[in-house]
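Chains as they are written, first to last, in our numbering: chain Y, -13 to 97; chain V, 29 to 141.
Glycine included, each C-beta is placed from N, C-alpha and C at the ideal position.
Here's the structure we're looking at; comments come further down.
Structure follows, in structure tokens:
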């Protein structure tokens, strides 16, 4: 069945360092891969996404890469700041909008 | 203006009761969803509706019944609440089935005692 694996489950970095979170998906028909950031007690917020016809997308300090052959996609955050601390979720979806989420990564950025 | 809103924000109730959570979106979207986030933060889809029609119905106990009176509203009714129903329930919406970007409501924290 559909499955998304996300690693690591926790990640601690120093302010200014880079952070990388990796996901793999099982259904090769998946064509849309969003990343959500969830602060404590808040809603998941869409921060960046990528479609299956694109290999990389960047938005300021965040970037996402997709390897369709390996069914991997990754979130890269550069120059991390304390306000980047949150739980990050990757997801994959087919047409019809059924998002399958990864297990989440708790990112802690230490000042 | 709040794009996707839910009421109530917190809900504490006893086992066996029936409760409802309401969701409204003012984005003009056609598609709405319900997700459950458990104590380990895992997010799982429960239902989706497109223009008031049920599209996705995951393996959810039939004690859970979604209702969409119009495409701007998707409510969730839960009968005979159980301890295991305690979770945060998120509503979300997207433009339509072909536009996958989903925007989440603030969540409803349900505690069953």
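Q.
Could you tell me the alpha carbon to alpha carbon distance between residue 77 (chain V) and residue 75 (chain Y), rounded to whole angstroms?
A. Translated into positions along the second chain, residue 77 (chain V) becomes position 49. Translated into positions along the first chain, residue 75 (chain Y) becomes position 89. The straight-line gap separating the alpha-carbon atoms of residue 77 (chain V) and residue 75 (chain Y) is approximately 23 angstroms.
Q) Considering only residues of the segment 2 to 76 of chain Y, which uninterrupted beta strand (DSSP E) runs meet the minimum length of 3 residues and lie entirely inside it, listed in chain order? A) Taken in chain order, the whole beta strand (DSSP E) runs of length 3 or more contained in the segment 2 to 76 of chain Y are 5 to 11, 18 to 24, 31 to 37, 42 to 45, 48 to 53, 58 to 63.
Q.
Using a Cβ-Cβ cutoff of 7 angstroms, what residues of the segment 5 to 19 of chain Y are near chain V? List them in chain order.
A. Cβ contacts with chain V: 18.
Q) What did DSSP end up calling residue 46 (chain V) once you bin it into helix, strand or coil? A) Mapped onto the second chain, residue 46 (chain V) falls at position 18. Residue state, collapsed to three classes: coil.
**Q.** CB contact check: residue 89 (chain V) to chain Y, cutoff 8 angstroms
**A.** Start at 1 with the first residue of the second chain, and residue 89 (chain V) comes out as number 61. No, because no Cβ of chain Y sits closer than 8 angstroms to the Cβ of residue 89 (chain V).
Q. Per the contact definition of three or more C-beta pairs closer than 8 angstroms, is the segment 56 to 76 of chain V in contact with the segment 115 to 131 of chain V?
A. Yes, the segment 115 to 131 of chain V touches the segment 56 to 76 of chain V.
Q: Flag residue 55 (chain Y) as yes if its beta-carbon sits less than 8 angstroms from any beta-carbon of chain V, otherwise no.
A: Locating residue 55 (chain Y) in the first chain gives position 69, counting from the first residue. False, the Cβ-Cβ gap to chain V never drops below 8 angstroms.
Q. Hey, out of Y:49, Y:21, Y:-12, Y:53, whose CA is closest to residue 4 (chain Y)'s CA?
A. Along the first chain, one-based indexing puts residue 4 (chain Y) at 18. The residue among Y:49, Y:21, Y:-12, Y:53 with its C-alpha nearest the C-alpha of residue 4 (chain Y) is Y:49.
Q: Using a Cβ cut-off of 9 angstroms, pull out every chain Y residue sitting near residue 134 (chain V), in sequence order please.
A: Indexing the second chain from 1 puts residue 134 (chain V) at position 106. In chain order: 28, 29.
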